[in-house]
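As given, the protein sequences belong to chains A and B, one line each in that order.
Start counting the first sequence at 32; every next residue gets the next number (the numbering used here).
Start counting the second sequence at 16; every next residue gets the next number (the numbering used here).
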Amino acid sequence: DVKVTQSSRYLVKRTGEKVFLECVQDMDHENMFWYRQDPGLGLRLIYFSYDVKMKEKGDIPEGYSVSREKKERFSLILESASTNQTSMYLCASSGGLAGGGSEQFFGPGTRLTVL
Amino acid sequence: EDQVTQSPEALRLQEGESSSLNCSYTVSGLRGLFWYRQDPGKGPEFLFTLYSAGEEKEKERLKATLTKKESFLHITAPKPEDSATYLCAVSGYSTLTFGKGTMLLVSP
Numbered sequence: 032d033v034k035v036t037q038s039s040r041y042l043v044k045r046t047g048e049k050v051f052l053e054c055v056q057d058m059d060h061e062n063m064f065w066y067r068q069d070p071g072l073g074l075r076l077i078y079f080s081y082d083v084k085m086k087e088k089g090d091i092p093e094g095y096s097v098s099r100e101k102k103e104r105f106s107l108i109l110e111s112a113s114t115n116q117t118s119m120y121l122c123a124s125s126g127g128l129a130g131g132g133s134e135q136f137f138g139p140g141t142r143l144t145v146l
Numbered sequence: 016e017d018q019v020t021q022s023p024e025a026l027r028l029q030e031g032e033s034s035s036l037n038c039s040y041t042v043s044g045l046r047g048l049f050w051y052r053q054d055p056g057k058g059p060e061f062l063f064t065l066y067s068a069g070e071e072k073e074k075e076r077l078k079a080t081l082t083k084k085e086s087f088l089h090i091t092a093p094k095p096e097d098s099a100t101y102l103c104a105v106s107g108y109s110t111l112t113f114g115k116g117t118m119l120l121v122s123p
């Protein structure tokens with residue numbers, strides 16, 4: 032079974048802090064994704080990566096950056112956390128083409144609260 | 016721009032009362048339609064992939080069908096443990112586009 036793990040289930044940070052969210056997958060998938068999920072807004076794509084050291088902006092990249100130094104690991108960075116970044120963050124991975132046709136497998140999520 | 020609309024937003028059923036959830040979509044060149052189940056506070060769990068109109072997939076009490084404009088998730092004789100939010104997503108020439116989900120509550 033595909034396993035996607037995220038470094039924390041719950042995280043509380045203060046405004047202005049630098050925040051790292053880490054994601055690891057064990058299925059040798061080429062593609063990895065970061066989403067945030069908010070009530071009424073659904074899942075929104077922040078960034079994705081289709082190869083090591085490659086990254087592409089999603090629908091809402093502002094205020095975030097990412098890093099993919101190894102194939103199995105994809106990190107989301109909040110350079111200076113703000114209260115409007117309080118959300119559930121979900122990591123996913125998939126094989127095949129990032130552009131489509133492949134199901135994504137999700138991690139358990141990180142509930143981030145920024146005070 | 017790819018779009019996905021799910022209806023109803025919420026559905027309450029009695030145990031054993033069968034029903035269907037709808038996912039309407041517009042996409043440039045459908046490469047796949049996906050159904051997920053999400054429990055509160057957890058990540059989405061993959062259920063099905065459908066690739067072409069007329070295709071059907073089944074898993075326990077769930078059956079997903081696909082036409083050129085919509086997909087249905089049929090739930091037969093649901094149980095309380097089927098209570099969850101069900102998400103639909105489509106893949107065209109870009110990454111997945113998700114609907115906002117249908118929250119299903121099955122009462123004993």
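Ideal Cβ positions, reconstructed from N, Cα and C, are used throughout, including at glycine.
| Asked | Found |
| --- | --- |
| Assigned secondary structure, Glu16/B (DSSP; H/G/I helix, E/B strand, else coil) | coil |
| Simplified DSSP assignment, three categories, for Glu96/B | helix |
| Contact list for the region 61–85 of chain A against chain B, Cβ threshold 8 angstroms | Phe64, Gly71, Leu72, Gly73, Leu74, Leu76 and Phe79 |
| From Ser124/A, Gln37/A and Ile77/A, residue whose alpha carbon lies closest to that of Gln135/A | Ser124/A |
| Nearest-angstrom Cβ-Cβ length linking Leu65/B and Leu77/B, presumed shorter than 8 angstroms | Incorrect: roughly 12 angstroms between the Cβ atoms, too far for contact. |
| Pairwise C-alpha distance: Thr82/B and Arg46/B | 13 angstroms |
| Glu24/B versus Asp17/B, Ala99/B and Phe61/B, residue with shortest Cα-Cα distance | Ala99/B |
| For His89/B, the first and last residue of its enclosing beta strand (DSSP E) | Glu85 to Ile90 |
| Proximal chain A residues relative to Thr64/B, where beta-carbon distance stays under 8 angstroms | Glu134 |
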